Every structure is written in structure tokens, then in C-alpha cells.
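K.L.:
As numbered in our numbering, the sequence shown has no gaps in its residue numbers, which increase by one up to the final residue, 317.
Every residue, glycine too, gets a C-beta built ideally from N, C-alpha and C.
Quick caveat: nothing in here was measured; it's all calculated off a predicted structure.
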Amino acid sequence: MEGIAITNPVNKAKKLLNTQRSRQSRHKKISTNYITDEQLEQAKEKLPDYLKIYMLFSVSTGIKNDDLRNLQWEQINFDDRTVKINDAILYFNEEVSELLKNEHQRREDNNLNDNGYVFRSHIKSNFDKDVPIGMNTVGNWCKQIGEMLNIPNLRHLDFRHTLIKKLLSATGSVGMTSILTNYPYLTARARSFIDENSNNELLSKYKDICEI
């Protein structure tokens, strides 16, 4: 009130800066894991159904963590193999479509109430809760998958990055990949996903096709 500070306000700024630096340092230590085709095959053979559906669906669609946890059956179109997330459309392959259809039928046959949610806890006491699965559940799923496939520090984001890298390698198109994965700011980051040694020829051909 009298314009006299009891403590030096700069100390708070220093503390905030040190906290930000600490977070940045931890973030730098976390490397991105790209799932290989061999690891995907291992997942199909080794993982229990609930982990297999989660992983393959995530790799196929590139869906974000929050969107996956809140996903409901009414957002899925089995005929078009699409997922509607607000105004965006994500796509999944035929294998994932069969897995989802089988799981949906299993729940109907066994009178399992999932409250409309696609992804549920495999623990019976938590299955029918009228709330989305938590971030801890997804984190535990990633940990289990990582241990089974020998992928250290596996995160849900790794599935999305894996899809982006695969699409960029297959199409050479940043724009098409951005549309398919609903990633509006991909252009600035595309180079980090592209292995230039193996994709130079592809990118050159794509450029020729575009007559640029």
C-alpha cells in the first residue's frame, strides 16, 4: 500500500525462470520413438486385445490423447472407416476396423455398458464408469506396450509421430499428411520427420509430378 516491497520481486522472476529451464531440460531428454513395421507385427502377436486395439487405432489415425480418451462410438463411421473429431476427419485402416467391430460386438453380446465410450479400462470395476478413461490409464497402457516391445519411454504422442513419418515417407506431401492427421502446423516441423537419405528420390518425383 505504501509502495514498499517486503521481498525482492526479482527473486520470483528468477524462480520462474529456473522452473522453465528445468522443464525444458527434462523435455529435451525425452526422445521421440518411431514404431517400426517389425514392432507393429510384434504388437499384433503379443499384445492383449485392449492394448492391441489402442495401439493400432492410435497409429492408424494419429489421434490426440484427449480426443482418444473422450472418443465415442457415435463418432465412428465403419463404412467409411473414419473418425469425426469436431470439424476434422481421421481415417483408420481395414484391420483396425475389424478390431473395433469385434470389440463393439463383444460388448453387446456380453451386455457390457461402456456408456458410449470406445476406449474403456480393462479392469471390470472401472469399465462402466460414466467418465472418459484418465491420462494415467493411457500412460499405463503405453508403459505396458513399451515393455512388451522393448520401446523405452513410449508415449501416446509417439504413435501420432509414427503415422506422420510414415505418411510423409509414402506421399512426400506435407499438405496431404497435414490434412490426414489434422496437423495444421506440420510444415514447420516436417523436416524433422523426413529421412532425406531415403526420401530424396521420392520427393524429387513428387516435385516433378507437381511440375514445379
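Any idea what DSSP makes of residue 205, helix, strand or coil?
P.N.:
Along the sequence shown, read from residue 1 onward, the residue named residue 205 stands at position 100. Looking at residue 205 - three-state DSSP - the assignment turns out to be helix.
K.L.:
Keeping to the same chain, check which residues put their C-beta closer than 6 Å to that of residue 132; ignore five residues upstream and five downstream.
P.N.:
Within the sequence shown, numbered from 1, the residue matching residue 132 stands at position 27. Annotation note: pLDDT 49 at residue 132 (below 50); position unreliable, no value reported.
K.L.:
Taking the alpha-carbon of residue 216 as reference, which of 202, 232, 256 has the nearest alpha-carbon?
P.N.:
Here residue 216 refers to the residue found at position 111 when the sequence shown is read from its first residue. With distances taken between Cα atoms, residue 216 lies closest to 232.
K.L.:
DSSP on residue 217, reduced to helix/strand/coil?
P.N.:
To locate residue 217, count along the sequence shown from 1; it is residue 112. Coil.
K.L.:
In or out: residue 173 buried (at least 16 other Cβ within 10 Å) or exposed?
P.N.:
As a first step, residue 173 must be located in the sequence shown, where it is residue number 68. So residue 173 counts as buried.
K.L.:
Out of 251, 111, 168, which one is the CA nearest neighbour of residue 156?
P.N.:
Indexing the sequence shown from 1 puts residue 156 at position 51. Ranking the options by Cα distance to residue 156, first place goes to 251.
K.L.:
Using the beta-carbon count (16 or more within 10 Å), is residue 165 buried or exposed?
P.N.:
On the sequence shown, position 60 is the one that residue 165 refers to. By the 10 Å Cβ count, residue 165 comes out buried.
K.L.:
Leaving out five residues before and five after residue 298 in sequence, what residues of the same chain have Cβ atoms less than 6 Å from its Cβ?
P.N.:
Start at 1 with the first residue of the sequence shown, and residue 298 comes out as number 193. The answer, listed in chain order, is 269, 270, 273.
K.L.:
Over the uninterrupted alpha helix (DSSP H) stretch that includes residue 284, give me the two end residues.
P.N.:
Translated into the one-based positions of the sequence shown, residue 284 becomes position 179. Element bounds for residue 284: 279–286.
K.L.:
Examine chain D for any beta-carbon lying closer than 8 Å to the beta-carbon of residue 122, and answer yes or no.
P.N.:
The question asks about chain D, but that chain is absent: this structure has only one protein chain.
K.L.:
Rounded to whole angstroms, what is the Cα-Cα separation between residue 212 and residue 225?
P.N.:
By one-based count along the sequence shown, residue 212 stands at place 107. By one-based count along the sequence shown, residue 225 stands at place 120. In a straight line, the C-alpha of residue 212 is about 11 Å away from that of residue 225.
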